[in-house]
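J.: As numbered in my numbering, residues 12 to 405 make up the sequence shown, in order. Note that the Cβ used here is the ideal one computed from N, Cα and C, for glycine as well. Just so you know, these numbers come straight off a predicted model, no measurement behind them. One structure is given below, represented as structure tokens, and several questions about it will come after.
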Amino acid sequence: MPTPLFDTYAPPAQIFERGEGAYLIERGGEKYLDFISGIAVNALGHAHPKAVAALKAQADKLWHTSNMFTVPGQLELAAKYCKDSFADRVFFTNSGTEAVECAIKTARHYHYAKGRPDRYRIITFTGAFHGRTFGAINAGGNPAYLEGFGPRMEGFDQVAFGDHDALKAAITEETAAIIVEPVQGEGGVRAIPDTCLRGLRELCDEHGLLLIYDEVQSGAGRTGKLWAHEWAGSAQPDIMAVAKGVGGGFPMGACLTTDEAGAHMVVGTHGSTFGGNPLAMAVGNVVFDELTAPGFLEHVVEVSNFLTQQLHGLADTHKDKVAEVRGKGLLVGLKLQDGYVNKSLAKEARNHHLLIGAAGDNVARMAPPLIIEETHAREAVNALDAALSALKEG
12 MPTPLFDTYA PPAQIFERGE GAYLIERGGE KYLDFISGIA VNALGHAHPK
62 AVAALKAQAD KLWHTSNMFT VPGQLELAAK YCKDSFADRV FFTNSGTEAV
112 ECAIKTARHY HYAKGRPDRY RIITFTGAFH GRTFGAINAG GNPAYLEGFG
162 PRMEGFDQVA FGDHDALKAA ITEETAAIIV EPVQGEGGVR AIPDTCLRGL
212 RELCDEHGLL LIYDEVQSGA GRTGKLWAHE WAGSAQPDIM AVAKGVGGGF
262 PMGACLTTDE AGAHMVVGTH GSTFGGNPLA MAVGNVVFDE LTAPGFLEHV
312 VEVSNFLTQQ LHGLADTHKD KVAEVRGKGL LVGLKLQDGY VNKSLAKEAR
362 NHHLLIGAAG DNVARMAPPL IIEETHAREA VNALDAALSA LKEG
């Protein structure tokens with residue numbers, strides 16, 4: 012039946028009206044194990060009591076002032092981010108794509124303020140996904156997302172994922188920055204090796220470039236570290252875009268920078284009407300406190316190791332249909348063999364009351380709430396086993 016909405020989505024028949032922890036519950040009462048969590052968003056699961064209480068309490072006091080006025084929650088959350096990251100400065104946004112836009116503008120304006128306005132080009136990688144704004148789709152470079160929106164935007168140089176020689180060759184006197192996802196989500200759940208992240212840091216230092224991490228999907232504890240790049244040690248960025256899990260389901264994001272990179276973003280260079288509003292900050296502070304509570308990230312590591320082990324066993328059982336297990340932490344995927352389709356597997360999984368997603372390179376993607384237990388992992392693997400058994404070619 013036609014709706015008054017844009018036809019930009021193709022949702023299944025299920026309509027969910029409430030959630031409890033790791034589960035979504037349909038109108039008719041059917042319960043589904045949620046292993047996509049709003050595409051890596053519901054880090055604390057559904058209806059987390061502390062997040063709900065914070066939102067309700069703030070809703071009774073003040074919803075919105077705009078950034079014409081100081082929002083105390085911003086100062087509180089920014090201080091937490093800076094304490095537990097590389098960053099010295101924070102700009103709050105409503106989404107990941109806005110955080111990426113801020114990161115791009117910050118990198119270009121840095122070189123402009125240093126007297127090098129000619130340094131504006133940004134190197135990106137195949138398989139990247141940086142959001143859906145015009146700037147972000149050009150940074151991502153996916154032809155499917157660019158088609159029909161006019162000429163490509165100038166200033167982005169894309170190189171093949173993992174091609175080190177092409178990356179070095181792409182650097183010119185006009186290069187301002189390199190932007191990369193430590194774990195590609197949409198591009199096929201591909202984790203960049205730690206040694207490569209350290210190599211990017213060294214390459215940027217050598218050429219005076221800014222290193223931008225897009226941790227919209229891989230951050231907020233999803234890999235078992237607060238930020239995914241922390242696994243690589245000495246590979247800190249100059250700028251980082253985050254969103255999704257940091258709001259635990261409430262729309263929010265942020266652009267984090269070093270003092271050096273962000274000092275030139277002064278009054279008039281950037282802004283947001285809704286970014287960092289009191290409601291978002293109330294929830295964001297609770298989510299951050301939960302993510303950094305003693306034992307929380309250790310639990311993510313433990314349960315993700317168990318899930319990955321189980322998925323490898325599943326891949327061995329269905330090696331005719333599963334090519335490999337990919338990912339890091341609780342951002343994982345099954346790359347399917349040629350002839351089998353990831354969206355078809357997602358449909359079969361729904362038939363067994365498991366919700367998963369589909370990513371690029373024919374990967375079935377999973378990004379469950381970070382609060383899942385081993386029992387949830389077993390339930391998911393059992394459902395996947397049944398789904399793969401039912402999966403047909405084509």
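1. Return the chain-ordered list of same chain residues with a C-beta closer than 7 Å to the C-beta of residue 46, the five sequence neighbours on each side being excluded.
2. Going by the CB atoms, is the gap between residue 191 and residue 142 shorter than 7 Å?
3. Just to check my reading of the structure: residue 227 and residue 246 have Cβ atoms closer than 8 Å, yes? What is that Cβ distance to the nearest angstrom?
4. When DSSP labels each residue in this structure, what does residue 133 get in the three-state scheme?
5. Mind checking whether residue 8 and residue 118 have CB atoms under 7 Å apart?
6. Could you tell me whether the region 127-142 touches the region 160-177, using the rule of 3 or more Cβ pairs below 8 Å?
7. Name the residue from 80, 43, 105 whose alpha carbon lies nearest to the alpha carbon of residue 263.
8. If we call anything under 7 Å between Cβ atoms a contact, is residue 188 one with residue 148?
9. Round the Cβ separation of residue 315 and residue 341 to the nearest angstrom and send it over; I've been treating them as touching at under 8 Å.
10. Take residue 175 as the anchor and find which of 199, 207, 160 has the nearest alpha-carbon.
11. Out of curiosity, what's the CA-to-CA distance linking residue 212 and residue 25?
12. Does residue 115 come out as helix, strand or coil in the three-state DSSP assignment?
13. Buried or exposed, going by whether 16 or more other CB atoms sit within 10 Å of the CB of residue 320?
14. Helix, strand or coil, according to DSSP, for residue 263 in the structure here?
15. Taking residue 42 as the reference, give the member of 140, 27, 305, 18 with the closest Cα.
16. Put residue 73 into one of helix, strand or coil per three-state DSSP.
17. Just to confirm the assignment: which complete beta strand (DSSP E) runs, minimum length 3, are found wholly within the region 259-312?
T.: Taking the structure as given:
1. As a working note, residue 46 is residue 35 in the sequence shown. Here the set comprises 365, 366, 367, 377, 379, 391.
2. Working through the sequence shown from its first residue, we reach residue 142 at position 131. Working through the sequence shown from its first residue, we reach residue 191 at position 180. No, the Cβ-Cβ distance between residue 142 and residue 191 is not below 7 Å.
3. As a position in the sequence shown, residue 227 is number 216, starting the count at 1. As a position in the sequence shown, residue 246 is number 235, starting the count at 1. The beta carbons of residue 227 and residue 246 sit about 18 Å from each other, so the pair does not count as a contact at 8 Å.
4. Start at 1 with the first residue of the sequence shown, and residue 133 comes out as number 122. Of the three classes helix, strand and coil, the one that applies to residue 133 here is strand, per DSSP.
5. This structure cannot speak to residue 8, because the chain is shown only from 12 to 405.
6. yes
7. Translated into positions along the sequence shown, residue 263 becomes position 252. Checking every option, the nearest Cα to that of residue 263 belongs to 105.
8. For the purposes of this step, residue 188 is identified with residue 177 of the sequence shown, where counting begins at 1. For the purposes of this step, residue 148 is identified with residue 137 of the sequence shown, where counting begins at 1. Not a contact, by the Cβ cut-off of 7 Å.
9. Your numbering for residue 315 matches position 304 in the sequence shown. Your numbering for residue 341 matches position 330 in the sequence shown. About 5 Å; that satisfies the 8 Å criterion.
10. On the sequence shown, position 164 is the one that residue 175 refers to. That would be 207, whose Cα lies nearest to the Cα of residue 175.
11. Looking up residue 212 in the sequence shown gives position 201. Looking up residue 25 in the sequence shown gives position 14. Their backbone Cα atoms lie some 45 Å apart in a straight line.
12. The residue you call residue 115 lines up with position 104 of the sequence shown. Helix, per DSSP.
13. Locating residue 320 in the sequence shown gives position 309, where the first residue counts as 1. Answer is exposed; the Cβ neighbour count stays below 16.
14. To locate residue 263, count along the sequence shown from 1; it is residue 252. If DSSP states are grouped into helix, strand and coil, residue 263 belongs with coil.
15. In the sequence shown, residue 42 corresponds to position 31, counting from 1. Nearest option by C-alpha distance: 27.
16. For this step, residue 73 is matched to residue 62 along the sequence shown. Here residue 73 sits in coil by DSSP.
17. 264-268
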